[in-house]
Each structure stands twice: as structure tokens, then as C-alpha cells.
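Enquirer: Have a look at this one.
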Amino acid sequence: MTFKCVAVFGACGLEGELLLTALADAELGVQSIRAFADGADGETVMYRGRPFAVHESSAADFSGVDVAIFLNEGFSDFAIIDAAEDAGIRVLDCSDTLAQRGDVPVFCEGSPLDSDSRLFAIADAVSSHVSALLRLLPQGSIQTVNLAIGQPVSVWGRLGVETLAAETARLLNGQPPEASPFGQQMAFNVLSRQGGSVAALEHGLATLLNSSGSAAAVSASEMLVPVFYGHTAMLRVNCVDRVDVSLLKQQLAENEKFRLFPLDDTAEASPVNLQGSDTIDISALSGDRQDETAFRCTVVGDNLRNGAVINIIELLKILIKINI
Numbered sequence: 001m002t003f004k005c006v007a008v009f010g011a012c013g014l015e016g017e018l019l020l021t022a023l024a025d026a027e028l029g030v031q032s033i034r035a036f037a038d039g040a041d042g043e044t045v046m047y048r049g050r051p052f053a054v055h056e057s058s059a060a061d062f063s064g065v066d067v068a069i070f071l072n073e074g075f076s077d078f079a080i081i082d083a084a085e086d087a088g089i090r091v092l093d094c095s096d097t098l099a100q101r102g103d104v105p106v107f108c109e110g111s112p113l114d115s116d117s118r119l120f121a122i123a124d125a126v127s128s129h130v131s132a133l134l135r136l137l138p139q140g141s142i143q144t145v146n147l148a149i150g151q152p153v154s155v156w157g158r159l160g161v162e163t164l165a166a167e168t169a170r171l172l173n174g175q176p177p178e179a180s181p182f183g184q185q186m187a188f189n190v191l192s193r194q195g196g197s198v199a200a201l202e203h204g205l206a207t208l209l210n211s212s213g214s215a216a217a218v219s220a221s222e223m224l225v226p227v228f229y230g231h232t233a234m235l236r237v238n239c240v241d242r243v244d245v246s247l248l249k250q251q252l253a254e255n256e257k258f259r260l261f262p263l264d265d266t267a268e269a270s271p272v273n274l275q276g277s278d279t280i281d282i283s284a285l286s287g288d289r290q291d292e293t294a295f296r297c298t299v300v301g302d303n304l305r306n307g308a309v310i311n312i313i314e315l316l317k318i319l320i321k322i323n324i
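What follows is the structure, encoded as C-alpha cells:
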């Protein structure tokens, strides 16, 4: 089975561009796409060297479509997800809409797959990277997970990246930044993120861990930091029993998905060190001084190249293989 026609909502955003490139490179048999984005009617995107017109999301027609993919940037009419479900096609949702229903599996690379489902919630990048690390621990061993996360401005899409670049340029030239579309200056600043994004991350990571056999409680806090790409998550994990940190380090060193720092002449993982790498970077891994059942570390990953796009491509490969 192949997916000949894929509808991409949010096709003009940063993730949309990366997804279209990944779909072409993955050789999944996708022959055509239907591209949608808010306010982008009349624009075009490229797929396999051909231009495809971008349409308003409200104009979506799912006849002949095999899969609908809903990204975060440039898509806001969540009722269209219901329309895709009613059309009986496979739905891959990155917007957290399906994840909040409770009856839709949350998927990331390496997680168990409910082969009977046509609806899938795609995990966010932080949850994907943290769960990949925690899957190395014994099943059922995790009790609580606490995260403090520095999110890059690209979580707000192209507008976030362009705003930070413009503000930085003006400030370095002695000019005040223009009024921010996000309410406050981003450059040389740290902004607290509250509400829905934090709750969605907590729910998504808890669901991934629970599907792997760990009934863990997850608590997170987020800050928006003046970095273009790459999140940094400071992690504290409480387990049922004492954590063998030496064994965990050995597992990380032997797994090509990860890079364990110190590495060569670089002491710590950071977003700058992600350039040219699709790994999940781990540093400052140590046992907690006050509790032998806990450990701490820092998890750094590329939120775009190694986030939802990789999860989507991996899921499509699995769905083709098992002939859903």
C-alpha cells in the first residue's frame, strides 16, 4: 500500500517546508499533495520539483486524499480535523487537538503503534526526545518527571524567527525594536510560557510514557529564549528504585540516536552544537545528591528537523508496511 495523495495543512510554515522535503526524500510513493494554509491562497509550494498551489484551509476537499497531516503553523480551523475524520481517511495531527480527546494514540518514533487506529496525534519534539531517553529505563520504573524547558522562537513558526532576527538587528544598531506581534520583545529576553502549550506537553509526554508501561506524573515549565532553533530541557526523574547512572550512560553511548556529552572537546550539549546533527544530545547526567532514586540531565534537540517531521515520516512508513 502507498499513500498517493497527501493533504498538508500548514504547508507554508517552517515545518511544512521540511515535511514536503522529507516526503519527497523518503520514497513513500506520494505522487501529489494538496497544500493548505491560513491566508496563503494563491501561493505555491514545491514538491518533487513541481509547484503546487496553496489553498485556504476552509476550501479543503478530502475526496481522493489518502492522508491528512495537520501542522501547527499556519493552521487554526480545528473543525477541519473532524471533517477529515468523517471522510474516513488517515489523520496525523500535530496541533494537540486529537491528543486531548483521550481516545487517540500519541505517536513518536519508537513508541508502540495502535494498528487499528486511523487517527494519530503526533508528539511534540520535547516529548519525543525525553521519552526516547526514558524508554532506556526499566519498564514501569518511572514515578515522576519534572522538566524546565527553554523553547526556541521557532516554536512560534516563521514569524517568531523573523521577529527575533529583526529585533536583534535593530538593537545591535542602537535602535529600539518595533512593536512585537507577540506582545513583548524577544531579543535579549526570556519570556514565560503558560497555559495550553505547557499542558499539552505534560499530557503528551505522560501519554507516551504510560503507553510504554510507566504510569508517570509529568510536570513542566517553559520559557521562550532568544534562540532560533533547538530546545533545552533540564530534566529530573524520580524512579521506584535506585538509578544505575553508569549503565544509563553506557546505553546512551552505544545508541546512535543520542550523543552523550562531554564529547570530544565540547563539555555540554547546547542548541549551537546541533548544527549538522539529528541526534538527541544529553549532558550533565548524574544521580541526585539528595535522592538515590532520582537522576538529572539536560536534553537538547532540534525542534524542527528532529521533531514532528521525523515522527510523521516514521509513522507513514509503518502504516505502509503493515497495510492499514
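So that you can map any letter, position 54 of the sequence shown is 54 in full-length UniProt numbering, and since no number is skipped, the others follow by simple counting. Every residue gets a Cβ at the ideal spot worked out from N, C-alpha and C, and that includes glycine. Only a predicted model underlies this, so the values are computations on that prediction, with no experimental measurement involved.
When you compare the region 121 to 129 with the region 39 to 52, are there three or more beta-carbon pairs, one atom per stretch, that lie closer than 8 Å?
Expert: no
Enquirer: Going along the chain, which unbroken runs of the alpha helix (DSSP H) with 4 or more residues stay wholly within the region 89 to 117?
Expert: DSSP runs (the alpha helix (DSSP H)) wholly in the region 89 to 117: none.
Enquirer: Might you give, ordered along the chain, the residues of its own chain that have their beta carbon closer than 7 Å to the beta carbon of residue 266, omitting 5 neighbours on each side?
Expert: 273
Enquirer: How close, in whole Å, do the beta carbons of residue 6 and residue 61 come, if the pair is a contact with beta carbons under 8 Å?
Expert: Their Cβ separation, rounded to whole angstroms, is 14 Å, which puts residue 6 and residue 61 out of contact at 8 Å.
Enquirer: Which of helix, strand or coil does DSSP assign to residue 163?
Expert: helix
Enquirer: Inspect the CB distances between the region 90 to 105 and the region 67 to 81 and report whether three or more fall short of 8 Å.
Expert: yes
Enquirer: Of all the alpha helix (DSSP H) runs that stay within the bounds of the region 165 to 236, which reach a length of 4 or more residues?
Expert: 196 to 211
Enquirer: At the level of alpha carbons, what is the spacing between residue 180 and residue 186?
Expert: 8 Å
Enquirer: In whole angstroms, what is the alpha-carbon distance linking residue 26 and residue 174?
Expert: Here the alpha carbon of residue 26 sits roughly 46 Å from the alpha carbon of residue 174.
Enquirer: Which of helix, strand or coil does DSSP assign to residue 125?
Expert: helix
Enquirer: Is residue 151 buried or exposed, if buried means 16 or more other CB atoms sit within 10 Å of its CB?
Expert: buried
Enquirer: In three-state terms, what does DSSP make of residue 72?
Expert: In this structure, DSSP gives residue 72 a state outside helix and strand, which the three-state scheme calls coil.
Enquirer: Do residue 48 and residue 24 have their C-beta atoms closer together than 8 Å?
Expert: yes
Enquirer: For residue 37, which three-state DSSP category applies?
Expert: coil
Enquirer: Contact between the region 202 to 211 and the region 241 to 250 is defined here as three or more beta-carbon pairs at a separation below 8 Å; is this criterion met?
Expert: no
Enquirer: Is the beta carbon of residue 134 less than 8 Å from the beta carbon of residue 122?
Expert: no
Enquirer: So residue 304 packs on residue 15, CB below 8 Å; how close in whole Å?
Expert: 6 Å
Enquirer: Assign residue 322 to one of two classes, buried (16 or more other C-beta atoms within 10 Å of its C-beta) or exposed (fewer than that).
Expert: With a 10 Å radius around the Cβ and a threshold of 16 neighbouring Cβ atoms, residue 322 comes out exposed.
Enquirer: With a Cβ-Cβ cutoff of 8 Å, do residue 201 and residue 188 count as a contact?
Expert: no
Enquirer: Let me know the secondary structure DSSP gives residue 57 once reduced to three states.
Expert: helix
Enquirer: Just to confirm the assignment, what range does the beta strand (DSSP E) spanning residue 25 have?
Expert: Per DSSP, residue 25 belongs to no beta strand (DSSP E); it is in the alpha helix (DSSP H), 14 to 25.
Enquirer: Residue 64 by DSSP, collapsed to three states: which one?
Expert: coil
Enquirer: Ordered along the chain, which non-local residues of its own chain (more than five positions away) have a Cβ less than 7 Å from that of residue 286?
Expert: 245, 295, 296
Enquirer: Out of curiosity, what's the CA-to-CA distance linking residue 226 and residue 153?
Expert: Cα to Cα, residue 226 sits roughly 7 Å from residue 153.
Enquirer: My understanding is that residue 229 touches residue 271, with C-beta atoms under 8 Å, so please give their C-beta distance in whole angstroms.
Expert: For residue 229 against residue 271, the beta-carbon gap comes to about 6 Å, under 8 Å, which counts as contact.
Enquirer: Which residue's Cα is closest to the Cα of residue 83: 74, 106, 63?
Expert: With respect to the C-alpha of residue 83, the residue from 74, 106, 63 having the closest C-alpha is 63.
Enquirer: Check this for me: beta carbons of residue 90 and residue 319, under 8 Å apart or not?
Expert: Yes, the Cβ-Cβ distance between residue 90 and residue 319 is below 8 Å.
Enquirer: What three-state label does DSSP hand residue 264 in the structure shown?
Expert: Here residue 264 sits in coil by DSSP.
Enquirer: Inspect the beta-carbon positions of residue 269 and residue 298 and report whether they are closer than 8 Å.
Expert: Cβ distance < 8 Å, so residue 269 and residue 298 count as in contact.
Enquirer: Can you tell me which residues form a DSSP beta bridge with residue 242?
Expert: According to DSSP, residue 242 bridges with nothing at all.
Enquirer: Using the three-state DSSP reduction, which class does residue 304 fall into: helix, strand or coil?
Expert: In this structure, residue 304 counts as helix in the three-state DSSP scheme.
Enquirer: Confirm, please, whether the CB-CB distance from residue 3 to residue 316 is below 8 Å.
Expert: yes
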